[in-house]
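Take the sequence shown: its letters are residues 11 to 285, numbered as in the working numbering. This report refers to the structure that appears directly beneath it.
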Amino acid sequence: MPFGVLHGNIGAVESWVSARMRARFGGRHVSGAERLVPTPQRQEAVAELMRRCQVDGARIALTLEPIRADSIRKAPALNAATIHVRSVCEGLSLAEAELRERSVSELAARRAVETLTRGRNMRGAALMDAQTGARLDPNREKGVRVSAFDWEPGARERAMEWAQRRGLSFRFIDALALASKAASAPFVTAEIGLSDDPNYLPGYAASRAGGYVRFTQMKRRGDPNGGRVYLIDSALFDAERSVKELQSAPVLIGGLDAEAYMEKHTWHISSANRA
Ligand code: COA
Ligand code: AMP
């Protein structure tokens, strides 16, 4: 039941809370995280969010928003893969090729990569027409922030164990949940992303059909550029409704399938037999 409203035990919990934390220090955003939990679990969720902000003296904004159970959608976790690449150049060009394999035009795929690497970070994701490469987000300086999502109850802990066994961090689990919400929107054809942390070099391309494909190098150490670009099927996109859906439609991500991860090196494979 990938896209329906929740049923069974989860749907039986009538009252849910979207708990969101963002922290600023020295005028800069330094940390942000969120949970979507049954109301009785909100205190543990808030405690966990507070632990996530490691910066002493940060100014923290915490939002707790009640959410009706019947407004929550369920979406599947994307299958994931890590591709070990030999260079930044190879990582970027394989990520671009991954977009092309998911029906993104050559022009739009190239523009998406340029948007990530051109040195003008945004607070959210750029929305780009998957064919023409035209920007579709209402505010191009800010982009759109995807919010109001979490792993379904219990799945986060299992996902953390799953990730640790494979040498991946909580950052990967968060990024996979975020990409899984975005990919579940019918108007999102594919996505490409790169952290703006100067010491975090991997990036990814993601889509419903291709899963979340992480490339070990998509930027050089010390490079502060980063971002996310959603490639949009404009026939299914409505500026107001679709942006609102990304920003605030509550979504719970289904548990990870233990088999749904693979790890490869580009010197052992060609991009064609990755999937
Ligand atoms: N950089 C700079 N400013 C940011 C920011 C960022 N990354 N995130 C939030 N802000 C600031 C902006 O000033 C924004 O105001 P604006 O809309 O006028 O620009 C303000 O915070 C409110 O943002 P909003 O998203 O509405 O706040 P929120 O409290 O509802 O949610 C987050 C904050 C951080 C929890 C949410 O935006 C988010 O990122 N959720 C996903 C968390 C996650 O799991 N990320 C995984 C990343 S790998
Ligand atoms: P991060 O992976 O957290 O380093 O973020 C890298 C970039 O991705 C940010 O600079 C934003 O442009 C974008 N981004 C981060 N979080 C979100 C989000 N929740 N929704 C949309 N874009 C985001």
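Using N, Cα and C, we set each Cβ at its ideal position, and we do this for glycine too. The structure displayed is predicted, hence computed values, not measured ones.
Q.
With H, G and I counted as helix, E and B as strand and the rest as coil, what does DSSP make of Trp277?
A. For the purposes of this step, residue 277 is taken as residue 267 along the sequence shown, with counting starting at 1. Secondary structure at Trp277: coil, using DSSP grouped into helix, strand and coil.
Q: Taking Asp233 as the reference, give the member of Asn209, Ser115, Ser217, Phe180 with the closest Cα.
A: Position 223 of the sequence shown, counted from the first residue, corresponds to residue 233. Measuring from the Cα of Asp233, the nearest candidate turns out to be Asn209.
Q) Alpha carbon to alpha carbon, what distance is there between Ala85 and Arg218? A) Stepping through the sequence shown from its first residue, residue 218 is reached at position 208. Stepping through the sequence shown from its first residue, residue 85 is reached at position 75. Roughly 11 Å separates the two Cα atoms.
Q. Quick one: complete beta strand (DSSP E) runs, 3+ long, within the stretch 223 to 276?
A. The qualifying runs are 237 to 242, 261 to 263, 271 to 275.
Q. What is the rounded straight-line gap between the Cα of Val90 and the Cα of Leu72?
A. In the sequence shown, the residue the question calls residue 90 occupies position 80. In the sequence shown, the residue the question calls residue 72 occupies position 62. Note on residue identity: the sequence assigns Ala, not Val, to residue 90. Using only the alpha carbons, I get a separation of about 31 Å.
(Q) In whole angstroms, give me the CA-to-CA distance for Phe13 and Leu262. (A) For this step, residue 13 is matched to residue 3 along the sequence shown. For this step, residue 262 is matched to residue 252 along the sequence shown. Only weak support is given to the placement of Phe13: the predicted model assigns it a pLDDT of 38, under 50, and the value that follows is read from those uncertain coordinates. The alpha-carbon separation between Phe13 and Leu262 amounts to approximately 10 Å.
**Q.** CA-to-CA distance, Ala216 to Arg10, given in whole angstroms
**A.** Since the first residue shown for the chain is 11 and the last is 285, residue 10 is missing from the structure and cannot be characterised.
Q. Taking Cβ positions, are Thr92 and Arg224 nearer each other than 8 Å?
A. The residue you call residue 92 lines up with position 82 of the sequence shown. The residue you call residue 224 lines up with position 214 of the sequence shown. Yes, they are a contact pair.
Q. If we count the other Cβ atoms within 10 Å of its Cβ and call it buried at 16 or more, is Gly203 buried or exposed?
A. Here residue 203 refers to the residue found at position 193 of the sequence shown. Within a 10 Å sphere around the beta-carbon of Gly203 sit 16 or more other beta-carbons, which makes this residue buried.
Q: Within the same chain, show all residues whose beta-carbon is closer than 6 Å to that of Ala165, passing over the 5 residues directly before and after it, in chain order.
A: Position 155 of the sequence shown holds residue 165. Shown here for Ala165: same chain residues with a beta carbon closer than 6 Å to its own, the five before and five after excluded, namely Gly265 in chain order.
Q: For the beta strand (DSSP E) containing Ala140, list its first residue and its last residue.
A: Start at 1 with the first residue of the sequence shown, and residue 140 comes out as number 130. Per DSSP, Ala140 is not a residue of any beta strand (DSSP E), being assigned neither H nor E.
Q. So Arg62 and Ser41 are in contact, right, with Cβ under 8 Å, and what is the actual spacing, rounded?
A. Position 52 of the sequence shown, counted from the first residue, corresponds to residue 62. Position 31 of the sequence shown, counted from the first residue, corresponds to residue 41. Contact flag correct, Cβ pair sits at about 6 Å.
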